[in-house]
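Enquirer: These protein sequence lines map, in sequence, to chains A and B. Just remember that our numbering sits 30 ahead of the position in the first sequence, which is counted from 1. Just remember that our numbering sits 30 ahead of the position in the second sequence, which is counted from 1. Built from N, CA and C at the ideal position, the CB exists for glycine as well. So that we are looking at the same thing, I have put the structure below in structure tokens.
2 protein chains.
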Amino acid sequence: MAKQKKAPRPKAETPKGFRDYFGAEVTERAEMLQKIAAVYHRYGFDALESSAVETVEALGKFLPDVDRPNEGVFAWQESDEDGHGDWLALRYDLTAPLARVYAQHRNDLPTPYRRYAMGPVWRNEKPGPGRFRQFYQCDADTVGAPSVAADAEICAMLADCLEEVGIPRGDYVIRVNNRKVLNGVLEVMGLEEGAQRDAVLRTIDKFDKVGESGVRELLGKGRLDASGAYIDGVGLSDDQAAPVLAFLTSKGGDAVETLTNLRAAVGASQIGAEGVQELETIAELVAAQGYGPDRIEIDPSVVRGLGYYTGPVFEAELTFEILDEKGRKRQFGSVSGGGRYDDLVKRFTGQAVPATGVSIGVDRLLAALHAKGRTDTATEGPVVVTVMDRDRMADYQDMATELRRAGQRAEVYLGNPKNFGNQLKYADKRASPIAIIQGGDEKERGVVQIKDLILGAKIAENATLEEWKERPSQYEVPRDQMLEKVREILATYGGDDA
Amino acid sequence: MAKQKKAPRPKAETPKGFRDYFGAEVTERAEMLQKIAAVYHRYGFDALESSAVETVEALGKFLPDVDRPNEGVFAWQESDEDGHGDWLALRYDLTAPLARVYAQHRNDLPTPYRRYAMGPVWRNEKPGPGRFRQFYQCDADTVGAPSVAADAEICAMLADCLEEVGIPRGDYVIRVNNRKVLNGVLEVMGLEEGAQRDAVLRTIDKFDKVGESGVRELLGKGRLDASGAYIDGVGLSDDQAAPVLAFLTSKGGDAVETLTNLRAAVGASQIGAEGVQELETIAELVAAQGYGPDRIEIDPSVVRGLGYYTGPVFEAELTFEILDEKGRKRQFGSVSGGGRYDDLVKRFTGQAVPATGVSIGVDRLLAALHAKGRTDTATEGPVVVTVMDRDRMADYQDMATELRRAGQRAEVYLGNPKNFGNQLKYADKRASPIAIIQGGDEKERGVVQIKDLILGAKIAENATLEEWKERPSQYEVPRDQMLEKVREILATYGGDDA
Numbered sequence: 031m032a033k034q035k036k037a038p039r040p041k042a043e044t045p046k047g048f049r050d051y052f053g054a055e056v057t058e059r060a061e062m063l064q065k066i067a068a069v070y071h072r073y074g075f076d077a078l079e080s081s082a083v084e085t086v087e088a089l090g091k092f093l094p095d096v097d098r099p100n101e102g103v104f105a106w107q108e109s110d111e112d113g114h115g116d117w118l119a120l121r122y123d124l125t126a127p128l129a130r131v132y133a134q135h136r137n138d139l140p141t142p143y144r145r146y147a148m149g150p151v152w153r154n155e156k157p158g159p160g161r162f163r164q165f166y167q168c169d170a171d172t173v174g175a176p177s178v179a180a181d182a183e184i185c186a187m188l189a190d191c192l193e194e195v196g197i198p199r200g201d202y203v204i205r206v207n208n209r210k211v212l213n214g215v216l217e218v219m220g221l222e223e224g225a226q227r228d229a230v231l232r233t234i235d236k237f238d239k240v241g242e243s244g245v246r247e248l249l250g251k252g253r254l255d256a257s258g259a260y261i262d263g264v265g266l267s268d269d270q271a272a273p274v275l276a277f278l279t280s281k282g283g284d285a286v287e288t289l290t291n292l293r294a295a296v297g298a299s300q301i302g303a304e305g306v307q308e309l310e311t312i313a314e315l316v317a318a319q320g321y322g323p324d325r326i327e328i329d330p331s332v333v334r335g336l337g338y339y340t341g342p343v344f345e346a347e348l349t350f351e352i353l354d355e356k357g358r359k360r361q362f363g364s365v366s367g368g369g370r371y372d373d374l375v376k377r378f379t380g381q382a383v384p385a386t387g388v389s390i391g392v393d394r395l396l397a398a399l400h401a402k403g404r405t406d407t408a409t410e411g412p413v414v415v416t417v418m419d420r421d422r423m424a425d426y427q428d429m430a431t432e433l434r435r436a437g438q439r440a441e442v443y444l445g446n447p448k449n450f451g452n453q454l455k456y457a458d459k460r461a462s463p464i465a466i467i468q469g470g471d472e473k474e475r476g477v478v479q480i481k482d483l484i485l486g487a488k489i490a491e492n493a494t495l496e497e498w499k500e501r502p503s504q505y506e507v508p509r510d511q512m513l514e515k516v517r518e519i520l521a522t523y524g525g526d527d528a
Numbered sequence: 031m032a033k034q035k036k037a038p039r040p041k042a043e044t045p046k047g048f049r050d051y052f053g054a055e056v057t058e059r060a061e062m063l064q065k066i067a068a069v070y071h072r073y074g075f076d077a078l079e080s081s082a083v084e085t086v087e088a089l090g091k092f093l094p095d096v097d098r099p100n101e102g103v104f105a106w107q108e109s110d111e112d113g114h115g116d117w118l119a120l121r122y123d124l125t126a127p128l129a130r131v132y133a134q135h136r137n138d139l140p141t142p143y144r145r146y147a148m149g150p151v152w153r154n155e156k157p158g159p160g161r162f163r164q165f166y167q168c169d170a171d172t173v174g175a176p177s178v179a180a181d182a183e184i185c186a187m188l189a190d191c192l193e194e195v196g197i198p199r200g201d202y203v204i205r206v207n208n209r210k211v212l213n214g215v216l217e218v219m220g221l222e223e224g225a226q227r228d229a230v231l232r233t234i235d236k237f238d239k240v241g242e243s244g245v246r247e248l249l250g251k252g253r254l255d256a257s258g259a260y261i262d263g264v265g266l267s268d269d270q271a272a273p274v275l276a277f278l279t280s281k282g283g284d285a286v287e288t289l290t291n292l293r294a295a296v297g298a299s300q301i302g303a304e305g306v307q308e309l310e311t312i313a314e315l316v317a318a319q320g321y322g323p324d325r326i327e328i329d330p331s332v333v334r335g336l337g338y339y340t341g342p343v344f345e346a347e348l349t350f351e352i353l354d355e356k357g358r359k360r361q362f363g364s365v366s367g368g369g370r371y372d373d374l375v376k377r378f379t380g381q382a383v384p385a386t387g388v389s390i391g392v393d394r395l396l397a398a399l400h401a402k403g404r405t406d407t408a409t410e411g412p413v414v415v416t417v418m419d420r421d422r423m424a425d426y427q428d429m430a431t432e433l434r435r436a437g438q439r440a441e442v443y444l445g446n447p448k449n450f451g452n453q454l455k456y457a458d459k460r461a462s463p464i465a466i467i468q469g470g471d472e473k474e475r476g477v478v479q480i481k482d483l484i485l486g487a488k489i490a491e492n493a494t495l496e497e498w499k500e501r502p503s504q505y506e507v508p509r510d511q512m513l514e515k516v517r518e519i520l521a522t523y524g525g526d527d528a
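Structure, rendered in structure tokens:
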């Protein structure tokens, strides 16, 4: 009889574009989310956790990123009894689910409804370096508040969040623009809704990348891009394009000057005047709460999301420089964006509901803190109680228990204890600050050996013989003084883990 | 020209079997997860967050629930350039991904690898009342530790977790059984691996529901179930079935008696003897750490997961009674389960890797705390600053800002301020403890009105006229004493929100 062929072993891999997060990667993010949630909460926002899975119908197509309008979702069809059920999909952001939740529960929810949400979202896009198909978002939105006081509040809250997680004043700025001002400019230009207007909007969105001259070319005849390809232009004359460029470059030395420039750019347009007035009100409101232009400023060059939002648009940028992968200095850039969008709920109910909100990119924010060396580097590894005699596991567990009850992270080595060197290698891999050792001899004498692994590593690296003699890295203490000694050692490294 | 037909509005609904969580539902769970994570961390476990999406190949089929072996996953096929990519799926638990992660990263991870993970998992099963297709799991596992000291540690840790989240000693018990003992019993019975043995295992799993006599019938000729349907039995004679029943009912008055009964049940089986020895070691280890049989006990009637695990099996049960939906008293039951499974990583690497772990059902645990009235009921609503004059938003924002800076949750009413009654209704819906009021007259006089909404509600409900006179629910104070007065009022309700 032929030998049965074995099924091939499955590959131990995440799907392409997905990754795992280990240890501090998880806890640092969790701590950051907690800090942000605390600020959101203090501002009166309530937590919401909607399901990760939505019907495709409810999600709709509201991706804010005009650069990638064809972003996909992960979707599948339910198989009901007839074999054809609803199409379901993983949420691609936290805003579309909010619209569904508000429409579904609006009779039970307060109005205005201030809610925050944090959690993973999924995008079925081509993965790339540093670009994943599952990532965290951390949003706060106010639904049902027509006043720009709601936008101003969100800008102030965003500033508080950044400072709360460790970005000091001076290292960030929140820039505010307004889609209505742009609408005024387009109105003055005589651009009605339609293909040409959409093309202008898409072009403006490239302002960040191609700058003023690039936008000028793209609004006109077109432009050679960096790869050498020729990008067709919108086909406006220089005169026609002028108001758009005036708008984008109207930032002055202070808010008064900027607002004056914007008023000139929108001319007689009513919607444009309204937009400028809103920006002025936001500037006044945040200033009255102590948020000056060093923290929140009017800046018409903010274009991210301008095509998506319907009123004020805001973006938080970190202003310090970091070194990129090639060692070149560059600004860290945007970590958060948001704005007013008044159409999302209308899809469901037919009624326009004003809404404004912000999304914080926690992963980018964490990267920024790492780049500045501002993350907590406290001793996080556990004290490792080594196993010299496997029949005395109860003794070793007792030591670990005593340490834990005192709030100290601790564990007994649970691998094969035969090779003591492996136990110390394990402790090293865990970044353990201390190893506890008690062989038969020590047990008889009622003592334990306490090995200071941090000092030991330092000595091994670069200590002089004098230092070695002066401060040995291993201590013998009576068993009942173990906890005390562990605390003493850890105190010299600036903190225990309790 | 015919009028263009409008697309129908999307339904604002979660997919069937999914739900949203609001406010305290979210924050209470988050707090519970934090508390459990702190215990896991103290025991030396490291956080892991694996991706929610796995390849179907990597997930395999390892659902622990033998009752529902055909449980589905939510899966879809990637469309690559050729139109047929990998099948991907949402994780159905946190154990299968751990096996994949350990196999993938084993060269970089410490061994033993203690990890904890918490997050949603998804099951494509038929939804029912209280049964959702997305729910939270909260797991801790030790991979690469062959010793039952690892199992004992997890039982102790589970006890600590339950006490940490608010289940006092005496209200829970962790019961431990061992699959190897059952294997010994099956060996003694002469049941080789195969269909009959599997049928016996499935029958044992029903012990919780049908009890001793039910299992006896099901091992024999069969049995009428509650619905009147006849369930075929395994077909063993009473004599043949006796060892299984002896095993399931061998719990004695103390561990010594139970272990003696188990030794009798496994007879000369070597694997059985090994299993009994493991249980004895676990009992000794946890006792040495101060966990007596009031908290962790050997109990061979624990059958949940016995078909899935390969060694020790544990289950945490809450022992207090609650009233069910029909007002009948019943035990709350299981909130956590786990055990040793040595085959999961082998799928990937060909090498058996010992592993043991536990999963805590946080949603059930939260329900238990609610049933016992042990959740935090502090005043959570924000102070609401009402808007009497919409031109003075800056003043009102300033008040909210002052309160927030002092750590007090506060917000300005951001709906249409025209109808003051709506503002108070809003405050009521938000469970606000206090409303702040400042009209033009108060502004001129430099004062604010502070309305104690909790007291106001009480007075409206049942206070006598004397009480009303003695303690009015609205106070006028100078603007610069607003914060102080708010704190004073909140202090009478036992805490601010800082």
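#1: Taking the continuous beta strand (DSSP E) assigned at Q479 of chain A, which residues delimit it?
#2: Would the beta-carbon of D104 of chain B fall within 9 angstroms of that of R49 of chain B?
#3: Report the neighbours of Q164 of chain A on chain B: residues whose CB is nearer than 9 angstroms to its CB, in chain order.
#4: Quick check: the Cα distance between G200 of chain A and E194 of chain A, rounded to an integer number of angstroms?
#5: To the nearest angstrom, report how far apart G244 of chain A and L118 of chain A are at their CA atoms.
#6: Using a Cβ-Cβ cut-off of less than 7 angstroms, give me the residues of the stretch 42-56 of chain A that come near chain B, in sequence order.
#7: Would V610 of chain A count as contacting chain B if we go by Cβ distances under 9 angstroms?
#8: Are the CB atoms of D181 of chain A and F344 of chain A nearer to each other than 9 angstroms?
#9: So what does M148 of chain B bridge to, in DSSP terms?
#10: Could I get the ranges of all uninterrupted beta strand (DSSP E) runs contained in the stretch 322-368 of chain A, with 3 residues as the minimum, in chain order?
#11: Excluding sequence positions up to five away, which residues of its chain have a Cβ less than 7 angstroms from the Cβ of A170 of chain A?
#12: Quick one: does E194 of chain A have its CB under 9 angstroms from some CB of chain B?
#13: Do V478 of chain B and E518 of chain B have their C-beta atoms closer together than 9 angstroms?
#14: Just reading off the alpha helix (DSSP H) that R394 of chain A is part of, what are its end residues?
#15: Which residues in chain A have a C-beta closer than 8 angstroms to the C-beta of A105 of chain B? List them in chain order.
#16: According to DSSP, A534 of chain A sits in a beta bridge with which residue or residues?
#17: Three-state secondary structure (DSSP) at L188 of chain A?
#18: Does the beta-carbon distance from P159 of chain A to P384 of chain A come in below 9 angstroms?
#19: Where does R209 of chain B fall in DSSP's three states?
#20: My assumption, with CB atoms under 8 angstroms, is that A553 of chain A sits in contact with V414 of chain A. Please give the rounded CB distance.
#21: Using alpha carbons as the reference points, say which of B:P142, B:L231, B:V332 and B:F277 lies closest to V203 of chain B.
#22: Here's the rule: buried if 16 or more other CB atoms are within 10 angstroms of the residue's CB, otherwise exposed. What is V131 of chain A?
#23: Would you say H135 of chain B faces chain A, with C-beta separation under 9 angstroms as the test?
#24: Would T340 of chain A pass as an interface residue toward chain B - the criterion being a Cβ-Cβ separation below 9 angstroms?
#25: For Y321 of chain A and G369 of chain A, which I take to be in contact (beta-carbon distance under 8 angstroms), what is that distance rounded to the nearest angstrom?
#26: Could you compute how far the alpha carbon of K239 of chain B sits from the alpha carbon of M62 of chain B?
#27: Shortest alpha-carbon distance to R72 of chain B belongs to which of A:G445, A:Y456 and A:R435?
#28: Quick one: residues in its chain with C-beta nearer than 6 angstroms to the C-beta of L89 of chain B, no 5 flanking neighbours on either side, listed in chain order?
#29: Leaving out the 5 sequence neighbours to the left and right, which residues in its chain are closer than 7 angstroms to S503 of chain A when beta-carbon positions are compared?
#30: Cβ closer than 9 angstroms: which chain B residues qualify as neighbours of V131 of chain A?
#31: Pick from B:Y456, B:G174, B:R121 and B:D471: whose alpha carbon is nearest that of L529 of chain B?
#32: Looking only at DSSP bridge pairs, what is E506 of chain B linked to?
#33: Report yes if the C-beta distance between T379 of chain B and A133 of chain B is below 9 angstroms; otherwise report no.
#34: Do S280 of chain A and P330 of chain A have their C-beta atoms closer together than 9 angstroms?
#35: Along the alpha helix (DSSP H) that carries L15 of chain A, what are the first and last residues, could you check?
#36: Going by the CB atoms, is the gap between R246 of chain A and D262 of chain A shorter than 9 angstroms?
Expert: Once the coordinates are examined:
#1: DSSP places Q479 of chain A in the uninterrupted beta strand (DSSP E) bounded by V477 to D482.
#2: Looking at the sequence shown, residue 104 of chain B is not Asp but Phe. Contact annotation: F104 of chain B and R49 of chain B have beta-carbon atoms that are not nearer than 9 angstroms.
#3: Correct list: S81, A82 and V83.
#4: E194 of chain A has its alpha-carbon roughly 14 angstroms from the corresponding atom of G200 of chain A.
#5: So the two alpha carbons sit approximately 41 angstroms from each other.
#6: Listed by position along the chain: A42, E43, T44, P45, F48, R49, D50, Y51, F52, G53 and V56.
#7: Chain A is shown only over 31 to 528; residue 610 of chain A falls outside these bounds and no answer can be derived.
#8: Yes, they are a contact pair.
#9: Here M148 of chain B is bridged, per DSSP, to B:C168.
#10: As far as the stretch 322-368 of chain A is concerned, its whole beta strand (DSSP E) runs of at least 3 residues are 326-328 and 342-353.
#11: Short of 7 angstroms from the beta carbon of A170 of chain A, and not among the five residues preceding or following it, lie these beta carbons of its own chain, in chain order: Y70, F75, Y146, I184, M187, G387 and V388.
#12: Not one chain B Cβ lies under 9 angstroms of E194 of chain A.
#13: Taking 9 angstroms as the Cβ cut-off, V478 of chain B and E518 of chain B do not qualify as a contacting pair.
#14: From DSSP, the alpha helix (DSSP H) with R394 of chain A extends over V392 to A401.
#15: Taking a Cβ-Cβ cut-off of 8 angstroms, the neighbours of A105 of chain B in chain A comprise W106, given in sequence order.
#16: Here chain A has residues from 31 to 528 only, and residue 534 of chain A is not among them.
#17: Helix.
#18: In this structure, P384 of chain A does not lie closer than 9 angstroms to P159 of chain A by Cβ.
#19: The answer is helix: DSSP assigns R209 of chain B an H, G or I state.
#20: Because chain A is modelled from 31 through 528, residue 553 of chain A falls outside the range shown and cannot be assessed.
#21: Here the closest residue by C-alpha is B:V332.
#22: When all chains shown are included, V131 of chain A counts as buried.
#23: It does: the Cβ of H135 of chain B has a partner Cβ on chain A nearer than 9 angstroms.
#24: Using a Cβ-Cβ cut-off of 9 angstroms, T340 of chain A does not count as an interface residue toward chain B, since no Cβ of chain B sits closer than that to its own.
#25: The C-beta separation of Y321 of chain A from G369 of chain A comes to about 18 angstroms, leaving the pair out of contact by the 8 angstroms criterion.
#26: If you take the alpha carbons of K239 of chain B and M62 of chain B, they lie about 30 angstroms apart.
#27: Of all alpha-carbon atoms in A:G445, A:Y456 and A:R435, the one lying nearest the alpha-carbon of R72 of chain B is that of A:R435.
#28: Same-chain partners within the cutoff: A119 and A126.
#29: Once the five neighbours on either side are set aside, the close Cβ partners of S503 of chain A are K481, D482, L485, G486 and I489.
#30: Here the neighbours are A42, T44, D50 and F52.
#31: Limits of chain B in this structure are 31 at one end and 528 at the other, which puts residue 529 of chain B out of reach.
#32: BP columns for E506 of chain B point to B:Q479.
#33: Yes. Within cutoff.
#34: A contact, by the Cβ cut-off of 9 angstroms.
#35: Because chain A in this structure spans residues 31 to 528, residue 15 of chain A falls outside the shown range and cannot be described.
#36: It is not a contact, given that the beta carbons lie outside the stated cut-off.
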